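Notes follow the structure.
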Amino acid sequence: MSTTTTARSAPTAVSRRGDAVFAGLATGAGLLIMLALAGVAIFLIIEGVPAISASGEQAYGKDNIVLYVWPLLFGTLLAAVIALLIATPLAIGVALVISHYAPRRVARPLGYLIDLLAAVPSVVYGLWGRAVLAPAILPAYAWLADHLGWLPFFDGPARTGRTILTAAIVLAVMALPIITAICREVFLQTPRIHEEAALALGATRWEMIRMTVFPYARSGVISAVMLGLGRALGETMAVAMVLSASGIITIDLISAENPSTIAANIALNFGNASGTKINVLIFSGLVLFVVSFAVNFLGRWIAARGQVKA
Amino acid sequence: MKSTSVRTVAAPGIVALALTFSACSAGNADDGDAASGSNDLAGQLAGGGASSQEAAQAAWIVGFQEANPDVTVTFDPIGSGGGRENFISGAFPFAGSDAYLTDDEGELTAATERCNGEAPVEIPNYVSPIALIFNVEGVDELNLAPETVAGIFAGEITEWDAPEIARDNPDADLPSAGINAVHRSDESGTTENFTHYLDVVAGGAWTAGAVEVWPEEFGGEGAQGTSGVVSAVKSGTNSIGYADASQAGGLAVANVGVGSDFVGPTADAAAKILDVSPRVEGRDDSSIVFDLDYETDEAGVYPIVLTSYLLACPTYSGDEAEAGELTKAYLTYVVSEDGQAFGAEEAGSAPLSDELRSEVSDLVEGITVE
Amino acid sequence: MSLIDERPVAATPAPAAMALVAPQIPAYAPLLAAVLATGLAALAGLLLGWSLVAVVLTAWALLVVGLPAWSAAIEGERRAKDRLVTTVVWSTFALAMVPLASLVWEVVANGHAVISAEFLTYDMRGVLGAGGGIYHALMGTLVITALATAISVPIGVLAAIYLIEYGKGNRLARTITFLVDVMTGIPSIVAGLFAFAVFTLIFGPGVRLGIGGAVALSVLMIPIVVRATEEMLKLVPEELREAAYALGVPKWRTIVKVVLPTALGGIVTGVTLAIARVAGETAPLLIIVGTTTTLNLNPFDGRMATLPVFIFSSVTTGGKYDAEQTARAWGAALVLVAIVMTLNLLARAVGRAFSPRTGR
Numbered sequence: 001m002s003t004t005t006t007a008r009s010a011p012t013a014v015s016r017r018g019d020a021v022f023a024g025l026a027t028g029a030g031l032l033i034m035l036a037l038a039g040v041a042i043f044l045i046i047e048g049v050p051a052i053s054a055s056g057e058q059a060y061g062k063d064n065i066v067l068y069v070w071p072l073l074f075g076t077l078l079a080a081v082i083a084l085l086i087a088t089p090l091a092i093g094v095a096l097v098i099s100h101y102a103p104r105r106v107a108r109p110l111g112y113l114i115d116l117l118a119a120v121p122s123v124v125y126g127l128w129g130r131a132v133l134a135p136a137i138l139p140a141y142a143w144l145a146d147h148l149g150w151l152p153f154f155d156g157p158a159r160t161g162r163t164i165l166t167a168a169i170v171l172a173v174m175a176l177p178i179i180t181a182i183c184r185e186v187f188l189q190t191p192r193i194h195e196e197a198a199l200a201l202g203a204t205r206w207e208m209i210r211m212t213v214f215p216y217a218r219s220g221v222i223s224a225v226m227l228g229l230g231r232a233l234g235e236t237m238a239v240a241m242v243l244s245a246s247g248i249i250t251i252d253l254i255s256a257e258n259p260s261t262i263a264a265n266i267a268l269n270f271g272n273a274s275g276t277k278i279n280v281l282i283f284s285g286l287v288l289f290v291v292s293f294a295v296n297f298l299g300r301w302i303a304a305r306g307q308v309k310a
Numbered sequence: 001m002k003s004t005s006v007r008t009v010a011a012p013g014i015v016a017l018a019l020t021f022s023a024c025s026a027g028n029a030d031d032g033d034a035a036s037g038s039n040d041l042a043g044q045l046a047g048g049g050a051s052s053q054e055a056a057q058a059a060w061i062v063g064f065q066e067a068n069p070d071v072t073v074t075f076d077p078i079g080s081g082g083g084r085e086n087f088i089s090g091a092f093p094f095a096g097s098d099a100y101l102t103d104d105e106g107e108l109t110a111a112t113e114r115c116n117g118e119a120p121v122e123i124p125n126y127v128s129p130i131a132l133i134f135n136v137e138g139v140d141e142l143n144l145a146p147e148t149v150a151g152i153f154a155g156e157i158t159e160w161d162a163p164e165i166a167r168d169n170p171d172a173d174l175p176s177a178g179i180n181a182v183h184r185s186d187e188s189g190t191t192e193n194f195t196h197y198l199d200v201v202a203g204g205a206w207t208a209g210a211v212e213v214w215p216e217e218f219g220g221e222g223a224q225g226t227s228g229v230v231s232a233v234k235s236g237t238n239s240i241g242y243a244d245a246s247q248a249g250g251l252a253v254a255n256v257g258v259g260s261d262f263v264g265p266t267a268d269a270a271a272k273i274l275d276v277s278p279r280v281e282g283r284d285d286s287s288i289v290f291d292l293d294y295e296t297d298e299a300g301v302y303p304i305v306l307t308s309y310l311l312a313c314p315t316y317s318g319d320e321a322e323a324g325e326l327t328k329a330y331l332t333y334v335v336s337e338d339g340q341a342f343g344a345e346e347a348g349s350a351p352l353s354d355e356l357r358s359e360v361s362d363l364v365e366g367i368t369v370e
Numbered sequence: 001m002s003l004i005d006e007r008p009v010a011a012t013p014a015p016a017a018m019a020l021v022a023p024q025i026p027a028y029a030p031l032l033a034a035v036l037a038t039g040l041a042a043l044a045g046l047l048l049g050w051s052l053v054a055v056v057l058t059a060w061a062l063l064v065v066g067l068p069a070w071s072a073a074i075e076g077e078r079r080a081k082d083r084l085v086t087t088v089v090w091s092t093f094a095l096a097m098v099p100l101a102s103l104v105w106e107v108v109a110n111g112h113a114v115i116s117a118e119f120l121t122y123d124m125r126g127v128l129g130a131g132g133g134i135y136h137a138l139m140g141t142l143v144i145t146a147l148a149t150a151i152s153v154p155i156g157v158l159a160a161i162y163l164i165e166y167g168k169g170n171r172l173a174r175t176i177t178f179l180v181d182v183m184t185g186i187p188s189i190v191a192g193l194f195a196f197a198v199f200t201l202i203f204g205p206g207v208r209l210g211i212g213g214a215v216a217l218s219v220l221m222i223p224i225v226v227r228a229t230e231e232m233l234k235l236v237p238e239e240l241r242e243a244a245y246a247l248g249v250p251k252w253r254t255i256v257k258v259v260l261p262t263a264l265g266g267i268v269t270g271v272t273l274a275i276a277r278v279a280g281e282t283a284p285l286l287i288i289v290g291t292t293t294t295l296n297l298n299p300f301d302g303r304m305a306t307l308p309v310f311i312f313s314s315v316t317t318g319g320k321y322d323a324e325q326t327a328r329a330w331g332a333a334l335v336l337v338a339i340v341m342t343l344n345l346l347a348r349a350v351g352r353a354f355s356p357r358t359g360r
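Residue numbers (the UniProt record's numbering), protein chains in the order written: chain A, 1 to 310; chain B, 1 to 370; chain C, 1 to 360.
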């Protein structure tokens, strides 16, 4: 007996050390991620704080940092919210096509097509939005200004296609695959038995979807929208390349005077910035970080709550 | 198992792919054995600054590197402020700046310190007319008085057939349409010079002073960079904007009222403003800087001009000797007749007048390397 | 509304002829309606000189109104509503495809003419007008993405191993899972600012380095790798681990020799998708890497050109050679899209090749 124990003890010691090292490595990697996220916040704060006292020339002609960041934050939220208003109904429709309407054979390739939308780099969306979409959509804006001009959103005058609405449309296209992906997952998770019960009662397909799929998927859809919002808030290049920004606050979506967004503003001005202006831009990035953090947090929280309920 | 075979094939395949890509230089890169050129300059020269000079610097770099194939010059268009900052910190041996050094924020003193106590060399190297580009149906020629320009960009004059515009353009078929005034949305020396001009010339019609960032209360479409303004004017109808004349890109340009005349933004007309403008008083001999005389009524002078300067040290020593050698050679080329002509051809800048150029060249000639 | 009330059974005693089956419009009705609507709209368009957009909109409106109206007349209100929704739902899909189709078309149409051997093997040193190429940008993207992958994959995979094999839902693991979720939502430009802030504090102001871009991309890449690996490790059957333990194999060797190989296919797929995602990132590289005209393969020395930033700066620089620059931008966009799409297809192929097979 004793020989076997001693024979086994040697490899055990090695493997124990191996285990300890490996466990240490894995734990270290996990901690590193925590550290990285904390680092993002800390370094942004370190470099952003000097901006708080910036004013005048240093704050791009604004009296203080709040006056500088607020219009940008407004533009960021405006563009993202419009993008979501466009993308959400579309995404729900597309997700329904893939989960419930298309025959199973067709559904997979259709899903790939939507995933391709997510694969296109944002700078290519920017190029497309700037060179193709903006000129093409100008007549539509002119029509809106002529016929719906009494609405404050379409006050116009429509003189350029590179408006906040165009930027929002591009953002919508980019957020669409994200929302669709999550929606179709949750739609597919609807218990088969509920669906079949509804159909057996004689419900049409739409009635079945309304009575079984939607109630089941509500929290999933909401969290999908929140995540799409997070993406739209932080998207940079598409807006930077599409939008003609004046940095003002307006809800007129199709005039030549448009609010800018935080991310696009950083991208466009960073290369030429020096001194305190860099701190000012980093501070605005910190604001964006906090806002998108909050939105994502909310989205995850809703999703988690929904899972518990289900 | 099929998966194993895929794995064993994939790994070496990726490595091989990586190897074919790595360690090969670009097809047009010189192999370093070029014996052309009579001089033996070699090395790296990294400067930067005013983004207004970007196009011209790109041209000068090409011209200079053609003559000196072993030298690599880079110009980082990080903006005038960044250029001055990096020059003072010593990161750049030379810098481009739309504004000359002043002691408002201690920059002149700091730059003097950086150059071992000698006043830095400041020379104009890039003069570019700022054109008023417009895109109005049926109008090819447009005369605008300074007050009218200010009125349009301040949002006071909003229709193309307004009496102020019609008065100076009796023959033009002005449409009864709104004016889409396009301005730079980013911070820029172009905006600074343009608003400075309006501030000086337009009297009460311009109230915002000389600013680098467009005052948002005046409205109008904001566009990023010179190219943004040009493309916005091009794609919008009944629009007008201000942009470096070199980039007007086939758009019509307005003539601006000077005295009783209207002058277009040609390179010659723009270069003349340095001849009629006074030098800034009280500067060291190594500094040739101007306060532009926007109010001039000299015939044939185009007054809306952006002047950009090069900053360098009069003496480079120690660690900076090599960079100094290259800086001197590069700057010599930039202000040479060839360099100025090449810049004018490629970037549309206005070549310095012969008189000014020889003065500037002498200054560059005086740079010493120890 | 209650279904029962409207059941045909509840109607007045039916005539013998329609005892069991409610009247239906034929199965080919939607197709017929679509053809009719298109035809009518096209006719009207031709007669009145409408634009293509107007014709398409009219056709769609005719279909959305016409088919349910037909259905309502024969099948009743509920089925009409169902057909209306079906039409609308499929329309959303068609609408979502419009930008993709337009984008792919424009990129290919504008980009293909520029692509040539010279375009792919020359850099932009000494080029003012036509000519030159994207070799420097291509290599820059390759170097920076490879570095980002080299940073992200070990950290991401090890962190996922911790979460699944060691943490098992303890407090730290839950916190990390949550933070990874949050990290997936970090705007890319914020990642760029983070890298800039770090490198500025180390190297002084105005720093531009390729390695900084790799760090910024890693911030975006790590959470994707963690999530993908996590999902795959969860799929590895517990029996495999237990079998290895029972044979006396230590835990770490079990993970390295049994768990990871089993999950490898999925992990490779996830990593490939992550690479595809960051290879097209622009904003962080614009901030911390900048761009240059000359090939630079050293990520620790100054600016590097990358494809996305090359596209952006080509479009926005303007000047005398605007047309040439824009053409090069489209060419670079075509190359970038091709790379990203290839990576996506590759990821799917790898996923399929490695996916566990059932049976023989």
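Note that the Cβ used here is the ideal one computed from N, Cα and C, for glycine as well. These figures come from a predicted structure and were not determined experimentally.
Query: If the cut is a Cβ gap below 7 Å, which residues of chain A does Ser180 of chain B touch?; Result: A small fix is needed here, since residue 180 of chain B is Asn in this sequence, not Ser. The contacting residues are Arg159, Ala256.
Query: Helix, strand or coil, according to DSSP, for Glu281 of chain B in the structure here?; Result: coil
Query: Suppose contacts are defined by Cβ-Cβ distances below 8 Å. Is Arg357 of chain B in contact with Glu370 of chain B by that definition?; Result: no
Query: For the beta strand (DSSP E) containing Arg184 of chain B, list its first residue and its last residue.; Result: 180-184
Query: Nearest to Met341 of chain C by CA position, among C:Leu43, C:Thr272, C:Leu297, C:Ala22, is which residue?; Result: C:Thr272
Query: Rounded to the nearest angstrom, what separates Val291 of chain A and Phe74 of chain A at their Cα positions?; Result: 12 Å
Query: Within 8 Å of any Cβ in chain C, is that where the Cβ of Thr212 of chain A sits?; Result: no
Query: When you compare only the Cα positions, how much space is there between Thr226 of chain B and Ser185 of chain B?; Result: 10 Å
Query: CB Ile302 of chain A to CB Ser223 of chain A, shorter than 8 Å?; Result: yes
Query: Give the C-beta separation of Leu243 of chain A and Ile164 of chain A to the nearest angstrom, bearing in mind that I take them to be a contact with Cβ-Cβ under 8 Å.; Result: 6 Å
Query: Here's the rule: buried if 16 or more other CB atoms are within 10 angstroms of the residue's CB, otherwise exposed. What is Lys234 of chain C?; Result: exposed
Query: In chain order, which alpha helix (DSSP H) runs of at least 4 residues are fully inside the segment 82-110 of chain A?; Result: none
Query: Does Ser22 of chain B get closer than 8 Å to chain A when you measure Cβ to Cβ?; Result: Confidence is the limiting factor: at Ser22 of chain B the pLDDT is only 47, short of 50, which leaves the residue's position unreliable and the question unanswerable from this model.
Query: Opposite residue 372 of chain B in the DSSP bridges: which residues?; Result: An answer regarding residue 372 of chain B cannot be provided, because it is not within the stretch 1 to 370 covered by chain B.
Query: What residues in its chain sit with their C-beta under 7 Å from that of Val136 of chain B, if we drop five residues either side in the sequence?; Result: Trp160, Pro175, Asn238
Query: Could you check whether the segment 336-354 of chain B touches the segment 60-67 of chain B, counting it as contact only if at least three pairs of C-beta atoms, one from each stretch, sit closer than 8 Å?; Result: yes
Query: So what does DSSP say about Pro124 of chain B, is it helix, strand or coil?; Result: strand
Query: Against chain B, which members of the segment 295-309 of chain C pass a CB distance test of less than 8 Å?; Result: Leu295, Leu297, Gly302, Arg303
Query: Tell me the DSSP bridge mates of Val71 of chain B?; Result: B:Gly43
Query: At the 8 Å Cβ level, is Pro135 of chain A part of the contact set with chain B, yes or no?; Result: yes
Query: Report the residues of the segment 283-297 of chain A with a CB closer than 7 Å to any CB of chain C, ordered along the chain.; Result: Gly285, Leu288, Phe289, Ser292, Phe293, Asn296, Phe297
Query: Which residues bound the beta strand (DSSP E) around Ile240 of chain B?; Result: 239-244
Query: How far does the alpha helix (DSSP H) with Ser219 of chain A in it reach, from first residue to last?; Result: 214-234
Query: Decide if Lys277 of chain A is buried, meaning its Cβ has at least 16 other Cβ atoms within 10 Å, or exposed.; Result: buried
Query: Cβ of Ile176 of chain C within 8 Å of Cβ of Leu158 of chain C?; Result: no
Query: Under the assumption that Val125 of chain C contacts Asn68 of chain B (Cβ atoms under 8 Å), give the Cβ distance between them as a whole number of angstroms.; Result: Note on identity: in this sequence residue 125 of chain C is Arg, with Val being the wrong assignment. Actually they do not touch by this definition, with Cβ atoms about 13 Å apart.
Query: Can you tell me where the beta strand (DSSP E) holding Val305 of chain B begins and where it ends?; Result: 305-312
Query: Does Val295 of chain A come out as helix, strand or coil in the three-state DSSP assignment?; Result: helix
Query: To the nearest whole angstrom, what separates the beta carbons of Ala145 of chain A and Phe154 of chain A, a pair I think is in contact under 8 Å?; Result: 6 Å
Query: Which residues in the same chain as Ser287 of chain B place their Cβ atom closer than 6 Å to its Cβ, once the five residues preceding and following it in sequence are excluded?; Result: Glu122
Query: Since Ala41 of chain C and Leu62 of chain C are thought to touch, with beta carbons under 8 Å apart, how far apart are those beta carbons, to the nearest angstrom?; Result: 6 Å
Query: What residue range does the beta strand (DSSP E) around Ala95 of chain B cover?; Result: 95-97
Query: 8 Å is my cut-off, CB to CB: does Gly151 of chain B come that close to chain A?; Result: no
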